[in-house]
Amino acid sequence: MDDLKARHERLLENHHGALCQAAERLLEETAWSLATTALLLRATGLVGSQLVAVGDLGRWIEHLGPDLDAFVRLRRQGVEVGEAYARCRALEGDTFLGAWEHLQGRRPLVSHDDLHQFAVLSQQGFSRSPRNLLVVVNWGERVTAFLVACDRQRKRPSPAGPG
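Here our numbering = 1-based position in the sequence shown + 1125.
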């Protein structure tokens, strides 16, 4: 098991109650929408777990606005910062410059595209059998997302054992 998967597993064990609550709520939902339940876990800070709507993840995770998505895509393709900046400035002009200036001094963890990918992952999990819950983890320096089967907590033996 790789390190990230092991860290995810430990977080799920530590937040088993919230996982069960989120899974039960998700199983009650009849259709996927941006209001579909997701579980947001924080590896740092005071609030460790929170049930949120998929469409509200951007309220709880520092993220770039959509005006910087082209820049992020170029950087992820290996384009140098200066060249990506120049391309985006040429294509998007003042819109890009305004978003760039607004970014200064902030440390967003995900892009607008990433938030979209979380929604897509949630849709995929909703359509699976058994249904899967989107779990998003804010590590403080980065964010990861994965799916967990909603029937997972039913298969776990109770910590007290049988009886």
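Here a beta-carbon is modelled for each residue, glycine too, at the ideal position from N, C-alpha and C. Here the structure is a predicted model, which is why all the values come from computation and not from measurement.
- Classified as buried, residue 1136 has 16 or more neighbouring CB atoms from the shown chains inside 10 Å of its CB.
- In this structure, residue 1240 sits away from residue 1263, with a CB-CB distance that is not shorter than 8 Å.
- Short of 7 Å from the beta carbon of residue 1197, and not among the five residues preceding or following it, lie these beta carbons of its own chain, in chain order: 1189, 1236 and 1238.
- Around the beta-carbon of residue 1166, 16 or more other beta-carbon atoms lie within 10 Å, marking it buried.
- When DSSP assignments are scanned along the region 1169-1246, the uninterrupted stretches of alpha helix (DSSP H) that are 4 or more residues long and fall wholly within it turn out to be 1182-1185, 1194-1201, 1206-1217 and 1219-1228.
- Judged by beta-carbon spacing, residue 1244 lies beyond the 8 Å limit of residue 1177, meaning their Cβ atoms are not closer than that value.
- Judged by beta-carbon spacing, residue 1199 lies within the 8 Å limit of residue 1209, meaning their Cβ atoms are closer than that value.
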